[in-house]
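Chemist: Numbering (my numbering), first residue to last: 11 to 520.
No residue lacks a Cβ here, since even glycine has one placed at the ideal position from N, Cα and C.
Just so it is clear, the structure is predicted and the values come from calculations on it, not from any experiment.
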Amino acid sequence: MERPDSFILVIFGASGDLTKRKLIPALFALYKQNLLPDRFAVLGVSRSDLSDTAFRERMTEGIKLYCEKQPEEKILNSFCKNIYYQPLDASNGSEYTKLKTRLFQIDAELKTHGNYIYYLSTSPNLFPAITESLGKQNLEKEGNGSSWKRIIIEKPFGHGLESAKELNTALLKIFYEKQIYRIDHYLGKETVQNILAFRFANGIFEPLWNRNYVNHIEVTASEHIGVEDRGEYYDNYGALRDMVQNHLLQIVGIIAMEPPSFFDATAVRNETVKVFQSLRPIKPEEVGKYAVRGQYTKSTIRGEKVPGYRNEQRVAPDSRTETFAALKLYIDNWRWGDVPFYIRTGKRLPTRETEVVIHFKKTPHHLFTQNNICDVSCNELIIRIQPDEGILLKFGMKMPGAGFQIKDVNMNFHYSDLGDAYIPEAYERLLLDCILGDATLYARTDAVEACWRYVDPILMAWRERPDIKIYGYPAGTWGPKEAHELFDNPEEDWRYPCKNLATDGEFCEL
Ligand code: BG6
């Protein structure tokens with residue numbers, strides 16, 4: 011494993027939840043695995059007036075709460091010594107001299123050689139101001155190969171195509187594209203990366219991976235939680251912006267891409283961007299045919315009363331924001347011409363599950379027909395991204411005994427069968443990649459814009475055409491039944507994964 015250069019990670023918005031919940035625990039996990047260099051520092055930056063000690067205490071709490079295993083005190087203390095804090099109003103350009111002085115001071119003390127990563131985890135409206143202020147202090151300048159500067163941008167990357175373009179322009183005024191890392195934590199998930207390995211490290215699946223053998227593909231990301239305390243953000247974004255434009259389309263990109271010629275950031279991202287550019291645009295008048303939106307209503311789940319979306323905190327009482335979105339999309343290229351991709355996501359669905367299902371075509375000739383009922387297996391390959399990470403292949407087998415009755419059986423692989431295999435958190439992988447300067451699993455400008463270009467007409471139609479219904483669905487169910495109508499063939503339907511994820515066709519509650 012390549013040993014990374016010394017560095018300082020500057021986190022803007024450091025008093026927010028993400029730092030404590032994800033970023034610091036991820037760095038700590040890297041530290042424990044000896045994947046960080048000997049000399050590194052984290053400089054938390056935000057408006058709150060905190061000392062280094064107070065900030066360290068908060069981060070220690072975060073590590074104890076959110077790391078899988080309780081940390082050893084000795085390791086925890088030696089890690090936390092690398093954490094610093096600088097109070098700063100990120101919107102005020104004149105305060106950045108303070109930041110520069112502090113950064114240079116830590117750099118001189120620790121000898122981190124001017125390698126800095128700026129992590130923007132603030133409200134997105136601050137992204138342009140922060141970038142500009144860093145530029146005014148020359149904090150983006152790399153020293154002729156002797157040092158590097160990188161910037162990580164958290165989602166949401168824009169609110170639509172126009173704002174994403176504006177943000178890209180603002181970033182590219184100061185930083186080069188190769189310095190910009192747009193994070194999509196789904197790409198950091200081990201199981202999403204495994205799709206690449208599954209497709210391109212095996213010879214047996216790729217020949218089937220196209221319109222000749224695949225009938226349709228499903229991608230589901232269901233969550234059983236509601237909007238929790240994020241009502242204000244969510245009501246302004248909704249499921250399409252929050253999950254589809256980024257996470258779900260990135261999964262589609264990996265499932266549908268051509269094999270890259272190399273495994274590097276340029277080659278891999280060149281291939282995924284071609285998929286996004288090939289998404290068949292949805293005409294505004296066809297939105298109703300290709301997209302279904304829903305919003306959860308109050309219900310009782312296992313005896314517990316659950317509020318409807320409109321009764322959640324900081325959500326407008328007449329909100330028309332979707333908490334469920336399902337789409338039928340097509341990728342207009344040689345590999346996927348006319349193969350429908352059905353994708354859906356929602357909050358307050360029965361279970362937390364993210365999976366991809368490849369539905370293969372039926373056999374062209376049905377040999378095993380009994381009483382005029384044709385017995386044929388529908389082969390499905392199910393890639394379970396979370397929580398029960400694994401891969402399941404369904405195929406037909408002869409039932410023992412007389413005749414030829416065919417039954418679907420499962421060949422099931424669980425990551426947990428690998429024994430002690432450690433599955434790193436998405437942020438762990440992504441932070442390490444950025445420290446190493448590998449942007450393969452980060453989204454590029456053209457990809458982000460292509461995804462917005464696809465999603466924008468749907469957002470516009472939903473905003474401007476009140477005749478396009480938003481369906482209510484009781485919390486704890488699989489979303490509006492109208493999502494079924496997206497299927498070309500009425501005999502087809504979504505897979506309804508239950509707690510026992512190898513079984514389907516059943517509705518369930520957690
Ligand atoms: C985030 C969304 O990007 O992804 C959240 O903003 C969502 O609304 C989350 O809950 C889902 O991530 P994961 O890793 O739990 O599937």
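1. Taking Cβ to Cβ, would you say D27 is nearer than 7 Å to V283?
2. Do D252 and the ligand BG6 come close, with the Cβ less than 6 Å from some heavy atom?
3. Is the Cβ-Cβ distance between A460 and W346 less than 7 Å?
4. For E516, which of helix, strand or coil comes out of DSSP?
5. DSSP state of I353, grouped into three classes?
6. Hey, would you say I184 sits closer than 7 Å to G153, going by beta carbons?
7. Rank N389, R57 and P138 by C-alpha distance to the C-alpha of K108 and give the top, closest one.
8. Enumerated in chain order, which unbroken segments of the alpha helix (DSSP H) with a length of 4 residues or greater are wholly contained in the region 139 to 190?
9. According to the neighbour-count rule (16 or more other Cβ atoms, all chains shown, within 10 Å of its Cβ), is R362 buried or exposed?
10. On the CB-based measure, 16 or more other CB atoms within 10 Å of its CB, does A156 come out buried or exposed?
11. Would you call the region 13 to 28 and the region 46 to 54 in contact, with 3 or more CB pairs under 8 Å?
12. Using a Cβ-Cβ cut-off of 7 Å (strictly less than) and excluding sequence neighbours within five positions of P269, which residues of its own chain qualify?
13. Using the C-alpha atoms, what's the distance from A335 back to F22?
14. Enumerated in chain order, which unbroken segments of the beta strand (DSSP E) with a length of 3 residues or greater are wholly contained in the region 181 to 255?
15. Is K404 closer than 7 Å to N422 when the C-beta atoms are compared?
16. By DSSP, does R68 sit in helix, in strand, or in coil?
17. Give the secondary structure of H494 by DSSP, where H, G and I count as helix, E and B as strand, and everything else as coil.
18. For my contact list, Y306 and T333 are in at a C-beta cut-off of 8 Å; report their separation, rounded to the angstrom.
19. Go to V283, then tell me how far its alpha helix (DSSP H) extends in each direction, as first and last residue.
20. In chain order, which continuous runs of the beta strand (DSSP E) of length 3 or greater are located wholly inside the region 114 to 140?
21. Three Cβ pairs or more, each shorter than 8 Å: is that satisfied between the region 74 to 90 and the region 115 to 123?
22. In three-state DSSP terms, what is V316?
23. Use the C-beta contact count for E516: other C-beta atoms within 10 angstroms, 16 or more gives buried, fewer gives exposed.
24. Take the Cβ of M69 as the centre, count every other Cβ of all protein chains shown within 10 Å, and call the residue buried at 16 or more, exposed below.
25. Expressed to the nearest angstrom, what Euclidean distance is found between the alpha-carbon atoms of W344 and D274?
26. Just the Cα atoms here: how many angstroms apart are N510 and P397?
27. What did DSSP end up calling F272 once you bin it into helix, strand or coil?
28. Grouping DSSP H, G and I as helix and E and B as strand, with all else coil, what is G400?
29. Within 10 Å of its beta-carbon, does F65 have 16 or more other beta-carbons around it, so buried, or fewer, so exposed?
30. Rounded to whole angstroms, what is the Cα-Cα separation between G447 and I480?
31. Compute the Euclidean distance between the alpha carbons of L451 and L197, then round it to the nearest angstrom.
32. Look up M267 in the DSSP assignment and say whether it is helix, strand or coil.
33. Can you tell me whether Q96 is helix, strand or coil according to DSSP?
34. Measuring alpha carbon to alpha carbon, tell me which of T487, E105, K110 and Y506 ends up nearest T310.
35. Output needed for S61: all residues of its chain with C-beta closer than 8 Å, excluding positions within five of it in sequence on either side, in chain order.
36. Using the Cα positions of H424 and K42, report the straight-line distance between them to the nearest angstrom.
Modeler: Quick answer:
1. no
2. yes
3. no
4. Model confidence at E516 stands at a pLDDT of 47, short of 50, so the residue's coordinates are unreliable and nothing is read from them.
5. DSSP places I353 in strand when its eight states are reduced to three.
6. no
7. R57
8. 171 to 184
9. Exposed: under 16 other Cβ atoms inside 10 Å.
10. The sequence as given places Ser at residue 156; Ala does not occur at that position. That one is exposed.
11. yes
12. Cβ neighbours of P269 beyond the five flanking positions: F210.
13. When rounded, the separation of the alpha-carbon atoms in F22 and A335 is 32 Å.
14. 190 to 192 and 224 to 232
15. Going by C-beta atoms, N422 is not nearer than 7 Å to K404.
16. helix
17. helix
18. 5 Å
19. A275 to Q287 is the extent of the alpha helix (DSSP H) around V283.
20. 126 to 130
21. no
22. Correct three-state label for V316: strand.
23. The predicted position of E516 is uncertain, since its pLDDT is 47 and thus under 50; no value can be drawn from it.
24. buried
25. 24 Å
26. Legend: pLDDT at N510 = 47, less than 50; position of this residue unreliable, no value from coordinates given.
27. coil
28. strand
29. With at least 16 other beta carbons inside 10 angstroms of its own, F65 counts as buried.
30. 43 Å
31. 6 Å
32. Three-state DSSP puts M267 in coil, outside helix and strand.
33. strand
34. That would be T487, whose Cα lies nearest to the Cα of T310.
35. Y95
36. One C-alpha to the other measures close to 26 Å.
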